Amino acid sequence: MEHEFWHERWKKNEIGFHQGTVNQYLHDHWPELAGDSTDTVFVPLCGKAHDIWWLHDRGHPVIGVELSDIACKDFFEEAGEKASVHPGEPFTTFRHDDLEIWCGDFFQLVPDDLRHVRLVYDRAALIALPPTLRPEYVQHLNAILPEQARILLITLDYDGTEMQGPPFNVPDSEVHQLFDEDYDVRQILRNDLARDDLFVKRKGLQNGVSESVFVLTRK
Ligand SMILES: C[S@@+](CC[C@H](N)C(=O)[O-])C[C@H]1O[C@@H](n2cnc3c(N)ncnc32)[C@H](O)[C@@H]1O
Numbered sequence: 029m030e031h032e033f034w035h036e037r038w039k040k041n042e043i044g045f046h047q048g049t050v051n052q053y054l055h056d057h058w059p060e061l062a063g064d065s066t067d068t069v070f071v072p073l074c075g076k077a078h079d080i081w082w083l084h085d086r087g088h089p090v091i092g093v094e095l096s097d098i099a100c101k102d103f104f105e106e107a108g109e110k111a112s113v114h115p116g117e118p119f120t121t122f123r124h125d126d127l128e129i130w131c132g133d134f135f136q137l138v139p140d141d142l143r144h145v146r147l148v149y150d151r152a153a154l155i156a157l158p159p160t161l162r163p164e165y166v167q168h169l170n171a172i173l174p175e176q177a178r179i180l181l182i183t184l185d186y187d188g189t190e191m192q193g194p195p196f197n198v199p200d201s202e203v204h205q206l207f208d209e210d211y212d213v214r215q216i217l218r219n220d221l222a223r224d225d226l227f228v229k230r231k232g233l234q235n236g237v238s239e240s241v242f243v244l245t246r247k
């Protein structure tokens, strides 16, 4: 997906992916990944997700990366919180306590940036990317994450002939294809969305939609 596509979405406030509350799967399944640890969490393609505040409130230092400076600014403003802004290349960093949002391109991150990270939360990051970019995303994630990192991954699947992403349909089998070589892939949930689910109705999807939650542990 071109960067311009996402900048336009934010400029026009066409951000149907943004949830005004904490993601239910995060809420329900985070302990399965993290136990009661307060390890540093990395949130790729983070938008202005409330999930980041939730993670931080649980005691986790957080690093999010997000392309749009509108998203980065809104994230703090809408929570009524202040961030110190540190302009730089390739990232401008927004800092609040030990919560940092790095404004820039995920693919510019290097291993040293994430050396303290032990946990990753991917909601609407992998599925935001078109099929051709997903292997590159996983490759880059593997290159920049420390060996011990574990990932909570939330995916979405639907009949790809019914809609053009984003969000893209990523079948469970593709998650295995992408991650099996380097991770122990444990699917902890598959949830078939009801026909009257807001997303299903809005997109007019007739042939079923499901969400899956995975815990990925580096081998
Ligand atoms: C579908 S949204 C999901 C946002 C967030 N994870 C959430 O749950 O609300 C994808 C986000 O990724 C950002 N994005 C897309 N490509 C990116 C890249 N290469 N580097 C950093 N952020 C990117 C977009 O601006 C957008 O905010």
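Residue numbers (the numbering used here): 29 to 247.
Beta carbons: idealized from backbone N, C-alpha and C, even for Gly.
Being a predicted model, the structure only gives us computed values, none of them experimental.
Taking 8 Å as the cut-off, the Cβ atoms of leucine 161 and tyrosine 211 do not count as close. For methionine 191 against lysine 231, the beta-carbon gap comes to about 5 Å, under 8 Å, which counts as contact. In summary, arginine 143 is exposed, with fewer than 16 beta-carbon neighbours lying within 10 Å of its beta-carbon over all protein chains present. Closer than 7 Å to some heavy atom of ligand 1: that describes the Cβ of arginine 151. The C-beta of aspartate 208 has fewer than 16 other C-beta atoms within 10 Å across all chains shown, which makes the residue exposed. For cysteine 74, there is no enclosing beta strand (DSSP E), as DSSP marks it with neither H nor E. DSSP, reduced to helix, strand and coil, places leucine 83 within a helical segment of the structure shown. Uninterrupted beta strand (DSSP E) stretches at least 3 residues long and entirely within the region 154-213 occur at 178-186, given in chain order. Around the beta carbon of threonine 66, fewer than 16 other beta carbons sit within 10 angstroms, so the residue counts as exposed. Residue burial annotation: lysine 76 is buried, with at least 16 other C-beta atoms found within 10 angstroms of its C-beta. CA-to-CA, the gap between aspartate 64 and glutamate 106 works out to about 28 Å.
Judged by DSSP secondary structure, phenylalanine 134 falls outside any alpha helix (DSSP H); it is assigned neither H nor E.
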